[in-house]
Amino acid sequence: MNSIKQKAIAILEKTVLKAGTVLDVRFWEPATFVEIDVHLPETDMRQWNASVQHMKCKVAPATYRDYTPACWDAGTHTCTLFINTSHQGAGSKWAGSLQKGDTIEYLGISGTSHKPLPENQWVFIGDNSSIGHFLALQQLATPGIEISGAIALPPQHHRQFAEYLSLPVTIVNASEKGGSTTLTHWLQQQRYSNAAIYIAGHIPTSVTLRSQAKQNRNIEGRVKVQGFWD
């Protein structure tokens with residue numbers, strides 16, 4: 003990118019970017035997944051009850067990535083970003099470099115297509131990139147909604163997921179990109195009636211799972227997909 007374009011973008015960004023502060027950073031072991039607590043004083047989190055949100059973070063010059071703010075507290079203007087840093091890219095590098103006290107910049111926060119549905123059974127299916135997304139969706143559930151599902155994780159993160167997070171899903175091995183094989187096998191064994199099925203994460207895997215859920219005669223309900231990466 004030439005210097006004139008960079009300067010023009012920098013001027014524009016100054017007028018639209020908002021800022022937050024990193025309160026804490028917690029890496030899982032191995033450090034390919036990270037939890038980042040942030041303070042967002044300009045954000046009214048009371049408006050987040052209609053759908054899962056996504057936050058467009060500046061991760062490098064003129065480069066942005068979307069992350070899900072989860073576990074939010076509207077009173078303190080705090081939330082947590084759960085980020086898979088196993089991929090090579092600007093977002094992973096940015097997330098892996100953050101430290102307590104750092105300033106993060108973001109363009110804005112807006113809703114996604116995943117909204118609370120009236121069904122009394124919600125099913126979450128995805129890989130480790132969907133963890134924050136499903137924690138946020140769980141926070142939107144009203145009392146009485148039964149949550150289940152499956153998350154594909156690398157074996158070394160199974161114990162930490164179970165110990166650190168309160169997400170009532172089955173953990174399966176991510177044997178390949180997106181955990182397609184294990185998630186597909188898991189879904190084939192399920193039976194649901196009048197369920198809301200939320201699928202998120204690796205885009206090709208999400209498309210496969212959506213097709214499988216639609217074709218499975220033992221699964222009745224609405225299927226909602228939110229793809230993140232490919």
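Be aware that the sequence shown starts at 3, since it is given in our numbering, and climbs by one per residue.
Just so it is clear, CB atoms sit at the ideal spot from N, CA and C, and this is done for glycine as well.
Worksheet item: For MET57, which residues does DSSP report across the bridge?
Response: The residue you call residue 57 lines up with position 55 of the sequence shown. Note: MET57 sits in a beta bridge opposite TYR69 and ILE111.
Discussion item. Can you find the residues in the same chain that come closer than 7 Å, C-beta to C-beta, to GLY223, ignoring five residues on each side of it along the sequence?
Written reply: Against the sequence shown, residue 223 aligns to sequence position 221. Result list for GLY223: GLU121, TYR194, ASN196, ALA197, ALA198 and ILE199, in chain order.
Practice prompt. If I'm right that ALA72 touches ALA164 with Cβ under 8 Å, what's the distance once you round it to whole angstroms?
Written response: Stepping through the sequence shown from its first residue, residue 72 is reached at position 70. Stepping through the sequence shown from its first residue, residue 164 is reached at position 162. Not really, about 17 Å apart at Cβ, beyond 8 Å.
Worksheet entry | Short Cβ contact (7 Å threshold) for THR70 with HIS89 | Reading the sequence shown from its first residue, position 68 is the one you call residue 70. Reading the sequence shown from its first residue, position 87 is the one you call residue 89. Contact flag unset, no.
Practice prompt. Less than 8 Å between the CB atoms is what I'm expecting for LEU25 and VAL40, so what's the real figure, rounded?
Written response: To locate residue 25, count along the sequence shown from 1; it is residue 23. To locate residue 40, count along the sequence shown from 1; it is residue 38. Indeed they touch by this definition, with Cβ atoms about 6 Å apart.
Worksheet item: Is any heavy atom of the ligand SAH found at a distance shorter than 6 Å from the C-beta of SER208?
Response: This structure simply doesn't include the ligand SAH, nor any ligand for that matter.
Worksheet item: In whole angstroms, what is the alpha-carbon distance linking SER150 and TYR166?
Response: Within the sequence shown, numbered from 1, the residue matching residue 150 stands at position 148. Within the sequence shown, numbered from 1, the residue matching residue 166 stands at position 164. Spanning the two alpha carbons is a distance of roughly 17 Å.
Worksheet item: Is GLY128 helix, strand or coil by DSSP?
Response: For the purposes of this step, residue 128 is identified with residue 126 of the sequence shown, where counting begins at 1. Looking at GLY128 - three-state DSSP - the assignment turns out to be strand.
Practice prompt. Using only alpha-carbon positions, find the residue among PRO145, LYS102, MET47 and ASN86 that is nearest to GLY128.
Written response: As a position in the sequence shown, residue 128 is number 126, starting the count at 1. Residue ASN86 is the option with its Cα nearest to GLY128.
Practice prompt. Could you please give me the residues that DSSP links to LYS226 through a beta bridge?
Written response: For the purposes of this step, residue 226 is identified with residue 224 of the sequence shown, where counting begins at 1. Note: LYS226 sits in a beta bridge opposite TYR200.
Practice prompt. In the DSSP assignment, find the unbroken alpha helix (DSSP H) run with ARG212 in it and report its ends.
Written response: If you number the sequence shown from 1, residue 212 lands on position 210. 205 to 217 is the span of the alpha helix (DSSP H), which, as asked, contains ARG212.
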